[in-house]
Amino acid sequence: MKKILASVGIGNASVDTVLPSTTVSPGETVTAEVRVSGGDAAQSVSAIDLEVETRYRTEEGVEDATVGRMRLGEAFEIEPDEETTYDAEITIPWETPLTLGSTEVWVETELEIDMAVDPEDVDYLDVRPTPRMQAVFDAAEELGLSLRTAECSADPYGRYAGERRFVQEFEFRPSGGEFRGDLDELELVFVASAASLDVFVEVDRRGGILSEALDADERHTQFSLTDDDPDVASVRDRLREEIRANL
């Protein structure tokens with residue numbers, strides 16, 4: 000009877016992933032403990048899966064997306080009330096979005112149990128910018144640009160990174176500075192790797208109704224950062240140059 004109840008989630012085994020810190024950055028590797036507790040009956044666990052997940056907006060609504068996945072250990076038996084701990088290293092993928100605005104990122108841990116409801120554990124992360132990303136944010140602020148929104152959206156045509164299903168768009172508006180009155184908004188998309196940060200820039204100029212309807216007020220450009228700890232003044236000058244060239 001206990002096995003039957005466990006198969007529908009009553010008295011099932013459980014899992015709990017313990018992270019030393021929930022504050023991470025893309026590209027970082029963090030250690031974790033995965034604690035498995037037996038339920039009321041012996042059960043066979045075929046695998047432990049850990050996934051880094053988020054959500055993004057589409058024309059139809061909102062979809063969940065798996066940004067990264069790893070499988071831990073081999074199949075094992077978990078006895079009633081048994082406690083087992085596994086060490087894991089979780090690499091935060093470079094394409095993981097930052098948790099700005101309403102963006103959420105979490106690690107989902109799942110026990111794959113044959114012929115039973117799979118127990119899960121969810122741990123939400125605070126994803127902070129890498130030094131290259133932070134330099135771009137600081138540079139925009141020095142130019143009088145304020146971050147208004149940060150949203151993950153579908154990229155069905157792979158405009159930025161090939162097969163990626165979505166990108167995170169950062170929208171800035173001038174709150175002062177030299178571009179106030181000329182610039183409507185600035186949109187940035189980051190494509191990060193260990194070697195560089197590619198910054199895709201969309202400059203929306205202030206235009207009339209006709210130019211906005213035809214998207215004639217939008218210009219696109221891009222630049223890359225390769226220094227591990229970029230100088231904000233240099234990034235500011237580069238960003239200023241790209242904006243001026245496209246106004």
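Residue 199 in numbering that gives the first Met the number 0 sits at position 200 of the sequence shown; the count goes up by one each step and never skips. Quick reminder that beta carbons are idealized off the backbone N, C-alpha and C, glycines included.
How big is the Cα-Cα spacing for residue i and residue j?
i: I91; j: N245; result: 34 Å
i: D58; j: W105; result: Reading the sequence as shown, one finds Glu at residue 58 and not Asp. Roughly 23 Å between the two C-alpha positions.
i: E116; j: D228; result: Checking the sequence, you will find Val at residue 116 rather than Glu. Going by the C-alpha atoms only, they are around 47 Å apart.
i: G100; j: A149; result: 6 Å
i: L224; j: Y159; result: 16 Å
i: D125; j: V14; result: 21 Å
i: V258; j: H219; result: The structure shown does not extend to residue 258, since the chain spans only 0 to 246, so no value can be given for it.
i: I77; j: D120; result: 17 Å
i: L18; j: E88; result: 10 Å
i: A153; j: A64; result: 10 Å
i: S233; j: V200; result: 17 Å
i: E241; j: V202; result: 9 Å
i: T30; j: R127; result: 17 Å
Looking only at its own chain, which residues have a Cβ that is under 6 Å from the Cβ of residue i, when we skip the five neighbours before and after it?
i: G176; result: L142, G143
i: A191; result: P25, W93
i: T288; result: The first residue shown for the chain is 0 and the last is 246, placing residue 288 beyond what the model contains.
i: E32; result: V17, T84
Throw me the rounded Cβ distance for the residue i and residue j pair, which I believe falls under 8 Å.
i: V61; j: T95; result: The Cβ separation is near 17 Å, so there is no contact.
i: A46; j: E111; result: 5 Å
Using a 10 Å radius around the Cβ and a threshold of 16 neighbouring Cβ atoms, would you call residue i buried or exposed?
i: E168; result: buried
i: T108; result: buried
i: G180; result: exposed
i: M69; result: exposed
Less than 8 Å between C-beta atoms, sequence neighbours within five positions excluded: which residues of the same chain meet that for residue i?
i: R147; result: E170, F171, R172, E184
Once the 5 residues before and after residue i are set aside, which same chain residues still bring their CB inside 7 Å of it?
i: A194; result: T225
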